[in-house]
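Undergrad:
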């Protein structure tokens, strides 16, 4: 049985320490391989609200109900706000068609007025869950009314960018609409 040289033993110990250190770096929030950052204070509510308001503004703003943005135009405009999986899920659900159909049916414009996020939990995978309330103004030249819509949202940080990975909302009844927005 041969003795292991001291240098070889030190090398093995060094490799073990480096490998352990990489796990510590991951736990302390540094990003590796495009996975969500796992640091508790990475996402500020103000930044999440800015992301969400931009997304909802692109999704729900209809200035001219007689000529609303198309499904493809809305899909292209919101692509940068969503994770790839959420984007594909919303395409499959035809979510981008809802504002267009609502606006045409009631013949009114839709405008996002305000969003409010309330943090619910920070998850082990680095994502953060929020509850939200969004205020919409539905209007034409004769009338205007504000509606509130509530939902839940999950945001992750990937490659130093915030992305929406889940958006679930409760429908809101709109005057003159057969259904919900």
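In our numbering, the protein residues as written are 4 to 184.
Every residue gets a Cβ at the ideal spot worked out from N, C-alpha and C, and that includes glycine.
Taking the DSSP output, what are the residues bridged to residue 157?
TA: 132, 169.
Undergrad: So who's on the other strand from residue 137, going by DSSP bridges?
TA: Note: residue 137 sits in a beta bridge opposite 118, 152.
Undergrad: Which one of 101, 131, 126 has the shortest CA to CA distance from residue 175?
TA: Looking at the Cα atoms, 101 is the closest of the given residues.
Undergrad: To the nearest angstrom, report how far apart residue 57 and residue 73 are at their CA atoms.
TA: Residue 57 and residue 73: Cα-Cα distance of roughly 18 Å.
Undergrad: If you drop the 5 nearest sequence neighbours on each side, which residues of the same chain put their C-beta closer than 8 Å to that of residue 167?
TA: Contacts found: 54, 55, 58, 84, 85, 86, 89, 156, 157, 158.
Undergrad: Is residue 87 helix, strand or coil when you go by DSSP?
TA: Helix at residue 87.
Undergrad: So, for residue 116: in the same chain, excluding its five sequence neighbours on each side, which residues have a beta-carbon less than 6 Å away from its beta-carbon?
TA: The answer, listed in chain order, is 138, 140.
Undergrad: Alpha carbon to alpha carbon, how far is residue 180 from residue 109?
TA: So the two alpha carbons sit approximately 6 Å from each other.
Undergrad: Tell me residue 47's beta-bridge partners as DSSP assigns them.
TA: None; residue 47 has no bridge partner.
Undergrad: For residue 134 and residue 177, I'd like the C-alpha separation in whole angstroms.
TA: Looking at the two C-alpha atoms, the distance is approximately 21 Å.
Undergrad: So, helix, strand or coil for residue 81, using DSSP?
TA: Three-state DSSP puts residue 81 in a helix.
Undergrad: Report buried or exposed for residue 31, applying the criterion of at least 16 other Cβ atoms within 10 angstroms of its Cβ.
TA: Residue confidence is low: residue 31 scores 43 on pLDDT, short of 50, so the model does not pin down where it sits. Its coordinate-derived value is still stated next. Exposed, by the Cβ-count rule.
Undergrad: In angstroms with no decimal places, state the Cα-to-Cα distance between residue 169 and residue 121.
TA: Approximately 15 Å, taken between the alpha carbons.
Undergrad: Do residue 165 and residue 51 have their C-beta atoms closer together than 8 Å?
TA: Result yes, Cβ atoms of residue 165 and residue 51 sit closer than 8 Å.
Undergrad: Identify, in the order they occur along the chain, each residue of the same chain with its Cβ nearer than 6 Å to the Cβ of residue 104, setting aside the five sequence neighbours on each side.
TA: Closer than 6 Å at the Cβ level, and outside the excluded window around residue 104, lies no residue.
Undergrad: Relative to the C-alpha of residue 99, which residue among 160, 60, 126 is closest?
TA: Looking at the Cα atoms, 60 is the closest of the given residues.
Undergrad: Return helix, strand or coil for residue 105, following the three-state DSSP convention.
TA: Helix at residue 105.
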